[in-house]
Amino acid sequence: MRALLPLLLALASCATAQTPPEPTLIPRPAQMTMGQGYFPVTSAVSILIDSKELKPEGSYLRDALAALLPEAPMLLPQRTVEGPVIALTVTSDKSLPNEGYKLVVTPERIDLRGADRAGLFHGIQTLIELLPPKGQETAVPSLTITDHPRFAWRGMHLDVCRHFFPVEFVKKYIDLLARYKMNSFHWHLTDDQGWRIEIKKYPKLTEVGAWRSGSQIGPYSRREYDSIPYGGFYTQDQIREVVEYAAAGTSPWCPRSRCRGMHWQRWLPIPNLVAPEAPTK
972 MRALLPLLLA LASCATAQTP PEPTLIPRPA QMTMGQGYFP VTSAVSILID
1022 SKELKPEGSY LRDALAALLP EAPMLLPQRT VEGPVIALTV TSDKSLPNEG
1072 YKLVVTPERI DLRGADRAGL FHGIQTLIEL LPPKGQETAV PSLTITDHPR
1122 FAWRGMHLDV CRHFFPVEFV KKYIDLLARY KMNSFHWHLT DDQGWRIEIK
1172 KYPKLTEVGA WRSGSQIGPY SRREYDSIPY GGFYTQDQIR EVVEYAAAGT
1222 SPWCPRSRCR GMHWQRWLPI PNLVAPEAPT K
């Protein structure tokens, strides 16, 4: 028996080595089962889509893989292809709730099925999260994930009135929302501290309302301000650009513009609408 002990330990060690450790994913999937081995991700991988409508999702995944590989994988229509493949489909399987997906990874191929295009996009985010950092061997552990969101509305708010952010920052913010499977972008575009939307019929809204003579220092109760001019606004073309970018990541367009007293920057450029005794700064 003692002679067999080293052999048994060696066999147990081999069996353990074949089962990848469970990855840490955010948010944690509803169900995840680990398999045996890994799927090697190389430039020889083909990404298959079952309809031309899924080309944006396929291109998104291809671009993510291209950042890790010497050459970008091929993006092809769904068909029989020799070699490793990543197959993307939208299924009519009613067992998957809205925005749900099922990801199956084996050493031979990856199959990703979404309940809808949003679900497929969320599954792509999970697949990207499973990839190692650039410079390491690119492989995905064998596993099966079935996942769907717990809440229908999952969003984040970005206030560009108090602190103005350029378009590229806004896009990066949307990228991070997509990475964590949020589906709503709340863009806070108008407030006392600045009007950020170009409206060509009312140019003074941005000529005057988009700029302030100073910013608050510390808590509001101290009423202290610096004297540094500050501001900015988004042109109509820039707003369209952000809207299209958010839509590509399955994020609804959720701007915020309210017509109420707190919007001092709305009334400041229109003196005849402001009480004579009201402050102008």
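Numbering (my numbering), first residue to last: 972 to 1252.
Beta carbons: idealized from backbone N, C-alpha and C, even for Gly.
6 angstroms CB neighbourhood of residue i in its chain, flanking five on each side removed
{"i": "C1230", "result": "Unreliable placement is indicated for C1230, whose pLDDT of 47 sits below 50; the coordinate value is still reported in the next sentence. Taken in chain order, the list of residues that qualify is empty."}
{"i": "L1036", "result": "P1044"}
{"i": "L979", "result": "Confidence at L979 is low in this model, with a pLDDT of 48, below 50, so the placement of that residue is unreliable and no value is reported for it."}
{"i": "L1046", "result": "I1018, G1029 and R1033"}
{"i": "S1022", "result": "none"}
Neighbourhood of residue i by C-beta, 8 angstroms cutoff - its chain only, sequence neighbours within 5 removed
{"i": "I951", "result": "The chain is shown from 972 up to 1252; residue 951 falls before or after that span and cannot be answered."}
{"i": "A1110", "result": "Y1009, F1010, P1011, V1012 and P1103"}
{"i": "E1079", "result": "F1010 and P1055"}
{"i": "W1124", "result": "N1154 and S1155"}
{"i": "V1052", "result": "S1017 and L1019"}
{"i": "K1171", "result": "Q1207"}
Nearest candidate by alpha-carbon position, reference residue i, set the options
{"i": "P1027", "options": "P998, F1010 and L1059", "result": "L1059"}
{"i": "V1075", "options": "I1099, A1181 and S1113", "result": "S1113"}
{"i": "T1177", "options": "P1000, F1204 and R1183", "result": "F1204"}
{"i": "Q1187", "options": "P1200, G1180, V1179 and K1175", "result": "P1200"}
{"i": "A1015", "options": "A1181, M1005, R1033 and P998", "result": "R1033"}
{"i": "D1208", "options": "R1193, V1138, L1148 and D1197", "result": "V1138"}
{"i": "R999", "options": "S1030, L1046 and K1152", "result": "K1152"}
{"i": "V1141", "options": "R1183, G1029, A1181 and R1211", "result": "R1211"}
{"i": "S1184", "options": "S1198, D1064 and L1148", "result": "S1198"}
{"i": "T1077", "options": "L1147, M1005 and K1143", "result": "M1005"}
{"i": "G1126", "options": "G1106, K1143, W1182 and L1148", "result": "L1148"}
Neighbourhood of residue i by C-beta distance below 7 angstroms, restricted to the same chain and skipping five residues each side
{"i": "D1130", "result": "H1159"}
{"i": "R1150", "result": "Q1096"}
{"i": "H1128", "result": "H1157 and H1159"}
{"i": "G1094", "result": "Y1072, L1074, L1083 and G1085"}
{"i": "A1001", "result": "T1117, D1118 and H1119"}
{"i": "E1108", "result": "none"}
{"i": "L996", "result": "T1097 and E1100"}
{"i": "E1024", "result": "none"}
{"i": "Y1173", "result": "none"}
{"i": "P994", "result": "L1101 and P1112"}
{"i": "L1181", "result": "Note that residue 1181 is Ala in the sequence shown here, rather than Leu. G1165, W1166, R1167, G1202, G1203 and F1204."}
{"i": "Y1031", "result": "I1095"}
Cβ separation of residue i and residue j, assumed to be a contact under 8 angstroms, to the nearest whole Å
{"i": "L1083", "j": "L1091", "result": "7 angstroms"}
{"i": "T1062", "j": "A1086", "result": "7 angstroms"}
{"i": "F1122", "j": "G1165", "result": "Not a contact, Cβ separation roughly 31 angstroms."}
{"i": "P1048", "j": "I1018", "result": "Rounded, the Cβ-Cβ distance is 10 angstroms, inconsistent with contact."}
{"i": "G1189", "j": "E1195", "result": "6 angstroms"}
8 angstroms Cβ cutoff, residue i in contact with chain C
{"i": "A1110", "result": "Absent here is chain C; the protein component of the structure consists of one chain."}
Check whether the stretch 1040-1047 touches the stretch 1067-1079, counting contact only when three or more Cβ pairs, one atom from each stretch, lie closer than 8 angstroms. Taking 8 angstroms as the limit for Cβ pairs, the verdict is that the stretch 1067-1079 does not touch the stretch 1040-1047.
Note down, one range per segment and in chain order, each alpha helix (DSSP H) of at least 4 residues found wholly within the stretch 1120-1157. Every unbroken stretch of the alpha helix (DSSP H) spanning 4 or more residues and falling wholly within the stretch 1120-1157 is given here in chain order: 1138-1150.
Every unbroken alpha helix (DSSP H) within the stretch 1177-1230, with a cutoff of 4 residues, ordered by chain: If only uninterrupted alpha helix (DSSP H) runs of at least 4 residues are considered, those enclosed by the stretch 1177-1230 are 1207-1219.
Quick one: complete alpha helix (DSSP H) runs, 4+ long, within the stretch 1042-1112? Counting only runs of 4 or more, we get 1088-1101.
What alpha helix (DSSP H) runs, 4 residues minimum, are completely inside the stretch 1016-1043? Taking only runs of at least 4 residues, the alpha helix (DSSP H) segments lying wholly in the stretch 1016-1043 are 1026-1037.
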